[in-house]
Amino acid sequence: MLTKEHIELESPVRFLKGVGPVRAERLGRLGIQTVEDLLWHFPRRYEDRRDLTTLASLEHGKFHSIIARVVSIEKRKTRRKNMSLTVALLTDGSSLAQAVWFNRKGLDKILPPGSRAAFYGKAENWRGILQINNPEFEVLDEEGSPEDTGAIVPIYPGTQGLFQRWIRETIRRTLPLVIPEMQDVIPVDIRKKHGFMCVQKAITQMHFPEDEKKWREARRRLAFEEFFFLQLALGFRRRRYEEDLRGPVLQGNGEMVRRFKDEILPFALTPAQRRVMGEIIRDISRPVPMNRLLQGDVGSGKTVVAVMFMLCAVDAGCQAALMAPTEILARQHYENIRGWFESLGLRATLLSGSLTTKERAETLEGIRTTRYDLVVGTHALLEDDVRFSRLGAVVVDEQHRFGVLQRNRLSAKGEHPHVLVMTATPIPRTLTLSVYGDLSVSVIDELPPGRKKVTTKSVPKTSRDSLLLFLRKTMGSGRQVYWVCPLVEDNEDLSIPSAERRFEQLANLFGAGRVGLLHGRLNAGEKEKTMSAFIRNEIKMLVATTVIEVGIDVPNATVMVIEEAHRFGLSQLHQLRGRIGRGAERGYCFLLGDPTTDEGKFRINVMCETSDGFRIAEKDLVLRGPGEVCGLRQHGITDFRVADLLKDRDLLETAREEAIELIEKDPNLQGHEALREVLFRRFEKTLDLAVTG
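Using our numbering, the first residue of the sequence shown is number 10, and each one after it goes up by one.
Here you go:
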């Protein structure tokens, strides 16, 4: 057992009094391994038990705190075999009431007749008898005052086998053992500047607040600390990255780039593309490896910018690599870019999991010997036997599908190449600062001229026949259609349409040769055959799952039907809709279904109201939360315990400013040793702070 003299924040929680190995295992389910984890295990809500009520004043349906004496207590049988009932008759001199517990053993020994206790629970009128169901209680001696009654009581995230009372008391016992020895590592000048309370007081008030004002101050202080440490870690890594790593110096006006713009591109770059290209050229013309995020809505022209960036590397005698999350998207990139490269006398290749052993060996040899200037691939690019001769530029498409470690593994294939990560899923500023805080950010915020707005309509199932008639006319005019389903095959709930079932029905309706099927369970050859037929306009309608969500580019496809659209996420719906309206003809997106939930209706309304990806991303962030939208853990960032990226945006900006200023003044944090120690303890593994070369 740990005593006050031996306890430390890093001490295993199992050695605390009353914990032991069994409860330690249960605490581990909550992510609590150390004493520090326990202190940062904050309540999910609070119960205000400050107002004591007499039994005579109890109100049906409301929660009350009372102090009463047990008149009698007995076990009763119920009709249900697995349920026991314990009923206590209580009095406080003003009236009588019952306290009722289900499946609680030994209460007659804890609360014998004559004992005095504090109770908290919901009062209900049951068959004319006033009772409190499953109340929490605290046995009192004749002179004692209860700790949890007459106070604001924390209610913690729990797990099976750990009662709220036990968690509360364990934290209450631990605080005085640790708090006096804790060191507040946030610099004093920052604390004074923003009026933050010290960390010792903040943690205590978060667990056992005196009042709401003190709790808000404590929460603000600890939320700032979480943001501050994250911004320090990202800024520290970025500074060390710039100081310690040396990448190839590339030029932005080489022959290949010039010829691509002047001779091959059939259109002029938009102002936004030219601005972003200028930002990239400024980065790659320095010996520091570029680490840049390129955001752009669906169809904004990110691929053209990526190609020009990769041609800068080729102009300097380097190779380039482009990694995409799916084989369909990788192949589409390859087919689109290969023609451009060949027109310049350059060679590109595709590396994917579907190559035969012989094809793969030949491709790997070509990459190693610089036969290929550009390699397009999937996760297959990350495998150990993929070796580049001189990798100078890396493009990672749909960055949110990859984690930071995968990004780093591809970069490690060369001597610190320049890296451009792209996403068509707009990222709200709060997530840009937190998840991608170590990257420079570029935004293509306009679409190429001539692109028509896609008309989006909600279509109830009762209008399905009219919709099918419209689709027949569309295909009859030579244009093509996507039909998207939420499932690949049927399950128990036949009300949810599957792609396989819908394909059979639509093929019977429009003709088997005119309708194709595409989903993730098909092998690579079947997918390629179907997509090729659709691109050549041999297939008029493609029934698919969300496998078409990213990167598919068929300008002749002008209509999309998304069945049960309310079951999809907002960003996913926006990505799907981006597959149409890519040509000269107006596009139409029909959201087929009858949403019954408020959330489902909200999604449909947002999609019909706007086509602005950044507005949709903000709505999605509110609806799903940051962890769901961005997958924080795959980017090396754990979920925040106090801070909220939606509610605390101003605090995030403040933390970022303070972190940047501190790193500028003290780049290696030599004057803040305690702060540096905590920073490395929390982030060394997840953000790879120790790597300097």
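Glycine residues also receive a C-beta, built at the ideal position from the N, C-alpha and C atoms.
Where the beta strand (DSSP E) containing Q584 begins and where it ends: Note, Q584: premise wrong, no beta strand (DSSP E); alpha helix (DSSP H) at L579 to R586.
Cross-strand partners of C2 (DSSP beta bridge): One cannot answer for residue 2 here, as it falls past the ends of the chain, which runs 10 to 702.
Of the listed residues L600, L630, V568 and R284, nearest to T441 (C-alpha basis): L630
Separation of L390 from E554, as counted between CA atoms: Note that residue 554 is Thr in the sequence shown, not Glu. In a straight line, the C-alpha of T554 is about 26 Å away from that of L390.
Exposure label - R2; buried when at least 16 CB within 10 Å: There is no way to answer for residue 2, as the model of the chain reaches only from 10 to 702.
Cα-Cα separation, F623 to G587: 14 Å
Identified DSSP bridge partners for D57: I161
Short Cβ contact (8 Å threshold) for E667 with I290: no
E543 classed as buried or exposed, judged by whether at least 16 other C-beta atoms fall within 10 angstroms: The sequence shown places Phe at residue 543, rather than the Glu named in the question. So F543 ends up on the buried side.
Nearest-angstrom Cα separation, counted from D292 out to R399: 19 Å
Whether R342 touches D382 by CB criterion (8 Å): The displayed chain sequence assigns His, not Arg, to residue 342. No.
The region 195–209 touching the region 223–237, judged by at least three CB pairs closer than 8 Å: yes
N-terminal and C-terminal residue of the beta strand (DSSP E) that F24 is part of: From DSSP, F24 is part of no beta strand (DSSP E); its letter is neither H nor E.
Buried or exposed by the 16-neighbour rule on C-beta atoms within 10 Å, applied to A65: exposed
Buried or exposed by the 16-neighbour rule on C-beta atoms within 10 Å, applied to R59: exposed
Neighbour-count burial assignment, D659, 16 or more Cβ in a 10 Å radius: exposed
Beta-carbon proximity check, L149 vs A126, cutoff 8 Å: yes
Backbone CA spacing between T619 and Q584 [nearest angstrom]: 13 Å
Range covered by the alpha helix (DSSP H) that runs through M540: A533 to I544
Length of the line joining the Cα atoms of K674 and F649: 27 Å
Three-way DSSP call (helix, strand, coil) for K84 in this model: strand
Buried or exposed by the 16-neighbour rule on C-beta atoms within 10 Å, applied to T606: exposed
Alpha-carbon spacing of A521 relative to L515, whole angstroms: 8 Å
Span separating the alpha-carbon of F238 from that of F689: 10 Å
Among K628, L496 and P426, nearest to P298 - alpha-carbon criterion: P426
Short Cβ contact (8 Å threshold) for E234 with I195: yes
Where the beta strand (DSSP E) containing P144 begins and where it ends: I138 to L149
Bridge partners - N262, DSSP secondary structure assignment: DSSP output for N262 lists no bridge partner at all.
Identity of the residues DSSP links to V428 by a beta bridge: N300 and V403
Bridge partner(s) assigned by DSSP for A127: I76 and E147
Secondary structure of Q107, DSSP reduced to three states: strand
Cβ-Cβ separation, G123 to I141 (assumed contact under 8 Å), whole Å: About 19 Å; that fails the 8 Å criterion.
Where G645 falls, given that 16 or more other Cβ within 10 Å makes a residue buried: Confidence is the limiting factor: at G645 the pLDDT is only 49, short of 50, which leaves the residue's position unreliable, though a coordinate-based value still follows. It counts as buried.
Selected residue, minimal CA-CA separation from L94, among F111, V80 and A211: F111
Length of the line joining the Cα atoms of L582 and D306: 13 Å
C-alpha distance - N345 paired with L274, whole-angstrom precision: 12 Å
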